[in-house]
Amino acid sequence: SDCYIGCTCCDECIGASKEINSTLIIHPRSSIRKFKWDWSLRDTNGNIVRSNSEKYKNIQCDNENPCGIDASECYSFTYAGDGVMFEISGTGLNSQTLTGTQLTKGSLLGQGCRNVEGSCSLKPSLDTLSQQDGRSRDIMEELIAISGRLVLSSKESPQYQAACWILREDPLRLMAKDKSLIQRYVARIVFASSRGEWWTYDRIDQLSHQHECEWNEMRPDYDVGVFCKEENVVKFNHRGEGMQGSL
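Each residue of the sequence shown is one higher than the one before, counting from 2 in our numbering.
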């Protein structure tokens, strides 16, 4: 079913100038009806504002019940479903097709994302007192308990780089209570600490929209990357990758 996000005509918009940036359509497509899929939109605070899940009946949307939201903001679109393609289109946005898998993937959608992507290059403060939203404060409390406040205050440290990415740029936009928060943070630290021939910025940018358990590559002789069992990270394998740095 389609989900129409935004205004469908200028009369319904807050202002006519916003109509150009406000229409967003999410259309899951599967060649086999029995395939299941899940998707949701999270705002910058990590709150789910639209979903197809029965858990969120008050914010579901479909052809019969279109829903409106300001798509000039930046939302995290998380989705999953083997054999399902999610067609994303909207006024003022480039149309794209996202292919689901069993594990949750994510993509940033909306006009406001231009202010989010690459924001960590500005080296913002991650101190809990400077965080204006509850999601960031809760996540930083979790990460401080693991890495310590001192190392996270150092803007050149791998821990700072990983934490800033989790808070601001990660397409999955996790919450403090999410199961994979810590292992995703640790996997990002490993990348920032010891880059190698495979573990490059370009590679991690390509993989960042995927679940961390898919940050790997299968090879004829040996596999490289992050490996999991039942969605829990159990191994990092970077054999022969010329990695350097310290952990």
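All C-beta atoms, glycine included, are put in the ideal place defined by N, C-alpha and C.
The structure displayed is predicted, hence computed values, not measured ones.
{"Query": "Closest by C-alpha distance to H28, when choosing among S96, E55, R169, V191", "Result": "S96"}
{"Query": "Per-residue burial, P159 [other beta carbons within 10 Å of its own, 16 or more giving buried]", "Result": "buried"}
{"Query": "Beta-carbon proximity list for E218, same chain, < 6 Å, skipping 5 on both sides", "Result": "V225, G226"}
{"Query": "C-beta contact flag for I145 and L153 at 8 Å", "Result": "yes"}
{"Query": "Strand pairing of T79, partner residues [DSSP]", "Result": "S41, G107"}
{"Query": "Inter-residue spacing [alpha-carbon to alpha-carbon] between A193 and S137", "Result": "21 Å"}
{"Query": "Reference C165; option with closest CA among V191, P125, L104", "Result": "P125"}
{"Query": "Coarse secondary structure for P221, derived from DSSP in three states", "Result": "coil"}
{"Query": "Integer-rounded CB distance, given that S31 should sit under 8 Å from G84", "Result": "6 Å"}
{"Query": "N116 (DSSP reduced to helix, strand or coil)", "Result": "helix"}
{"Query": "For R174, the three-state DSSP class (helix, strand or coil)", "Result": "coil"}
{"Query": "Strand pairing of G226, partner residues [DSSP]", "Result": "N217, N238"}
{"Query": "For H28: DSSP bridge partner residues", "Result": "E88"}
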